[in-house]
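Asks: Numbering (the working numbering), first residue to last: 42 to 1177.
The C-beta atom is built at its ideal place from N, Cα and C for all residues, glycine as well.
1) On a CA-only basis, which of 484, 1090, 1071 and 664 is nearest residue 688? Give me that one, please.
2) Cutting at 6 Å between CB atoms, please list the residues of its own chain near residue 1178, excluding the five before and the five after it.
3) Hey, residue 314 and residue 336: beta-carbon distance below 7 Å or not?
4) Start and end of the beta strand (DSSP E) containing residue 1133?
5) In terms of alpha-carbon separation, which member of 344, 382, 332 and 647 lies closest to residue 369?
6) Nearest by alpha-carbon distance to residue 606: which of 296, 581 and 560 is it?
7) Taking residue 254 as the reference, which of 151, 274 and 227 has the closest Cα?
8) Are the segment 1135-1143 and the segment 1059-1067 touching by the rule of at least three beta carbon pairs closer than 8 Å?
9) Suppose the cutoff is 6 Å on Cβ atoms and the five residues either side in sequence are ignored; what does the same chain contact list for residue 1157 look like?
10) Cutting at 6 Å between CB atoms, please list the residues of its own chain near residue 330, excluding the five before and the five after it.
11) Between the C-alpha atoms of residue 392 and residue 352, what's the straight-line distance to the nearest angstrom?
12) Grouping DSSP H, G and I as helix and E and B as strand, with all else coil, what is residue 1036?
13) Along the chain, which unbroken stretches of the alpha helix (DSSP H) at least 4 residues long are found entirely within the segment 653-681?
14) For residue 424, count neighbouring C-beta atoms within 10 Å of its own C-beta (all shown protein chains included) and say buried if the count is 16 or more, exposed if not.
15) State the Cα-Cα distance for the pair residue 1004 and residue 1042, rounded to the nearest angstrom.
16) Can you give the Cα-Cα distance for residue 584 and residue 512, rounded to whole angstroms?
17) Give every residue of the same chain whose Cβ lies closer than 8 Å to the Cβ of residue 1135, excluding the five residues on either side of it in the sequence, and list them in chain order.
18) Taking the alpha helix (DSSP H) that residue 118 belongs to, which residues open and close that run?
19) Let's test the definition: count the other Cβ atoms within 10 Å of the Cβ of residue 326 and tell me whether it reaches 16, buried, or not, exposed.
20) How big is the Cα-Cα spacing for residue 165 and residue 81?
21) Skipping 5 residues on each side, what residues in its chain have a beta carbon closer than 8 Å to that of residue 884?
22) For residue 134, which of 97, 651 and 273 has the nearest alpha-carbon?
23) By alpha-carbon positions, which one of 295, 507 and 581 ends up nearest to residue 543?
24) On the DSSP bridge assignment, give the partners of residue 483 in chain order.
25) Return yes when the Cβ of residue 982 is within less than 7 Å of the Cβ of residue 967, no when it is not.
26) If you draw a straight line from the alpha carbon of residue 338 to that of residue 297, how long is it in whole angstroms?
27) Give the straight-line distance between the Cα atoms of residue 634 and residue 1169, rounded to the nearest whole angstrom.
28) In chain order, what residues of the same chain lie with their CB nearer than 8 Å to the CB of residue 759, ignoring the 5 residues before and after it?
29) Whole angstroms is fine: what's the gap from residue 773's alpha carbon to residue 390's?
30) Tell me the residue span of the alpha helix (DSSP H) that contains residue 106.
31) Where residue 523 and residue 417 are concerned, what is the direct C-alpha to C-alpha distance, given to the nearest angstrom?
32) In angstroms with no decimal places, state the Cα-to-Cα distance between residue 463 and residue 469.
33) Taking C-beta to C-beta, are residue 1153 and residue 1094 nearer than 7 Å?
34) Reducing DSSP to helix, strand and coil, say where residue 518 ends up.
35) Report whether the distance from the Cβ of residue 145 to the nearest heavy atom of the ligand HEM is below 6 Å.
36) Using the Cβ count rule (16 or more neighbours within 10 Å means buried), how would you classify residue 659?
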């Protein structure tokens, strides 16, 4: 291998150098080729890393002196760059040569410039600050008439180029799309593809030119444009459906061999182009029958022609199968794809078997019977010597897990977990096992034992969500209180048994789980056992291998158990040991325990038994500190700055160039990048196929316990009911098992069946237990499809008792008050279905019941008229207990007139008034009051100067002091529905905000004169807040997503909701009404809101409800706005 490397690097100079004519002073100075070859030979002859470092350092010192010398020519610099590239490739720092590489790219002839560009592309990264020095050179070369210089500039742009400098070269690259040379057009398309990857918003305006590139007469340009289209279609396939015919036509020409022979690979026409086109067609045809019908023929042709026994044809077949199962299904194509999968799975070649398992893992969701056809092969793959085959088989089994085969599959996963040493595999598998255990656990003992195995084998590398969610599941409990206590008691007993084992080391996170469970639920044991538990915890505390964090958990557990113990000898000993500890955290915990232990009554009241899930009243806004803050500010203290603002100021003060965009996103540990905080997800696909299939599974425990109601097929309960009607007489489970076994047996000859070995019988028995429940008549539970098997552990709802009452009251109010109106009579069947749904659907119904609240109706003056209507006994709706009123004719006419009048008045008032009349100041003669009126572009403030005395008001004039925060303009026309009387003067001003603020004041004075008196003056002051300048921002969900990624200032907070606010729609409606936010969309238990701060500063809000917690996430381009809106939302939610 070293000889090949030496020959290759020795030949490199021939690409850049020309043979020197004549002999010259060759003896005095060795030629470059011999220097590079000598360096390579010297390195390969070394015997230790230390000798290599010494030699490279000597070489770098020599190169540094050479490139820094003023007498160094460009030719010599070019030679030095090649040696620097070699040293850098070996992993040594050659940063002193970076600037010289840029200089070489800026100067010299073509060969020297080419070496300079090559060195820059290898030395620098996209965010390197020296790249700025290369921008002018790239611009100059793009404008050159020399094709080689243009190609070099386009190549460097495609590899590394600063995002901020894209506008400087984008017009030049656009022009190159029309160049006469195909190599220039192809490189220009690749450069634009690079821009689309790093800054997609900057190339949106040239999508039309991408279409021209797709239809380019050169195949290379067309192939390059497919990369851009694949990316854009993956993001939004609906916008490119019209191009399906073009892609199909291109694929037909490729498959038919219409391209030049140069694109063939082992007699296969353009295989990589076929794969790219198949992926694009799979995205376009997903869930679209009309689009899919256009590609059926070409897919059939691709399957038929890809029959050569070569790896590249296998890749095409695999992609064909993937596309066929992605688009709208066609039975003939599905049969052919299933045959291809069978050939792959049954192949003795490991690579083909892996492809078969990977394809089977994907298509199992559409056709679970395929797993039954190859069940014996899958069983053999579980014991395959290749770990990749075994891992992909476990992924396949994970996808087909149900309540009947969970124990066998989890056992196989645990066996593989014990053998694996790779951290990535451990993290992935423990997440899957924890999810399956919580979802399909047959009993409490199995669940606790499985989780113990997860914590033991997973160790400290498992995701923190797994132990946290396990503890939360134990604490919140399930629907059955007796089952809760049994599960907790079994957990306590199992942990005490584990702690009795001597000389066993448990991972730190497992010990933390043990300490929390023992501290919370040891009261379920006999009272005499509490002291024994404290003794075991104290023994762990004195172990030197226990980390400081785990010791804090242990002391917390001892603190909880101390009020339940009769004797306190161990506790006193623990206090004595740790009050003198060198660990500050441990010493603090020990002192807390000491002071609580001195007052046992107080300790019992502070640490009650089994109260871990009790609601705690937390003042998230810290309003009790308002006085202290105000006092500090008055004494000159600096105001509080949010975390993101402090970070920005810190970055702005740092020396050196900063090329990061203004503002940073500071996401919590649970979220990565700029994704929506819908939940924390670990990669579920050990083989990495989740990106291909688009099915990201979570390996964290699903704790909400919410039944899946909607899927690709529509409303799933209805679908299940239809399936139930069609299969009224399901085949028993034993029959399905025997059929699946018979399918495997009938494939063999009868004589072979009679002489079956014991090993084969064991495999068939394992297959019957693994693939039970996958028959067409059995209940199938596949990821991404309806889960017809209820979870073993389903979280109980805190508002369960109030649900039926809310539903009944809503039903009665609806029927009794509006019985004669259309589309209001709810049938009892629908109501029963509604009660069986999740919290989300019930809360939506509660929202409609709130709108029909009888208390709100009594506030209207028309209720008296309604009370005069005669109620009659119903004839059609007697079974539904509905009363229908029949108003008289005159009452109906009066009712309609008053409705029209009231609605017009309400519309006018709602449009104009934003606040009630508020008195600002007064004296013995006049009073000044104001109204705030919200307009789309400003805030209108109307002042009313009212005469209080008996004398006549002769004149009045209002003046406002100028302020830097506001732009104030007088408005001549009054928009209030108030006539100016003789004793009232009205003044109206529009107020616009110049810069964001929290609180501001409008100050001014009123000059007035009464008849027969001199003029007088009255000063006033009026408070304005940021909320007065917030308006709804009406945007679509798609625009919301685009804006969300562009904002850097974000704030997150969890807010406690009351039971009456548990419905997300009602909470969003409250925020919409009180804070003037626009509800963009409600998706499940998540909501999107948008608003803008006048004149045009948007702010986006993402809400997510879990249990009785509302998680709020604000993002805006203004750093002040998210913090202010968070405070206002907390006030609204806590105050309502």
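Replies: By the coordinates alone:
1) Looking at 484, 1090, 1071 and 664, the one whose alpha-carbon comes closest to that of residue 688 is 1090.
2) The displayed coordinates of the chain run from 42 to 1177. Any statement about residue 1178 would go beyond what the structure contains.
3) Result no, Cβ atoms of residue 314 and residue 336 do not sit closer than 7 Å.
4) 1127-1134
5) Per the Cα distances, 332.
6) 560
7) 227
8) Cβ pair count under 8 Å is below three, so no.
9) 1088, 1090, 1140 and 1163
10) 369
11) 9 Å
12) coil
13) 667-675
14) Exposed: under 16 other Cβ atoms inside 10 Å.
15) 9 Å
16) 24 Å
17) 978, 979, 980, 1033, 1034, 1070, 1071 and 1072
18) 115-130
19) buried
20) The alpha-carbon atoms of residue 165 and residue 81 are separated by roughly 24 Å.
21) Residue confidence for residue 884 is low, a pLDDT of 38 falling below 50, so the modelled location carries little weight and cannot support an answer.
22) With distances taken between Cα atoms, residue 134 lies closest to 97.
23) 581
24) In the DSSP output, where bridge partners are listed per residue, residue 483 has none listed.
25) no
26) 13 Å
27) 38 Å
28) Unreliable positioning characterises residue 759 in this predicted model, as indicated by a pLDDT of 48, which lies under 50. The coordinate reading is nonetheless provided below. Cβ within range, chain order: n/a, list empty.
29) Note that residue 773 has pLDDT 41, beneath the 50 cutoff, so the model's placement of it is unreliable and no number is given.
30) 90-109
31) 42 Å
32) 10 Å
33) yes
34) Of the three classes helix, strand and coil, the one that applies to residue 518 here is coil, per DSSP.
35) This structure does not include the ligand HEM; it has no bound ligands of any sort.
36) exposed
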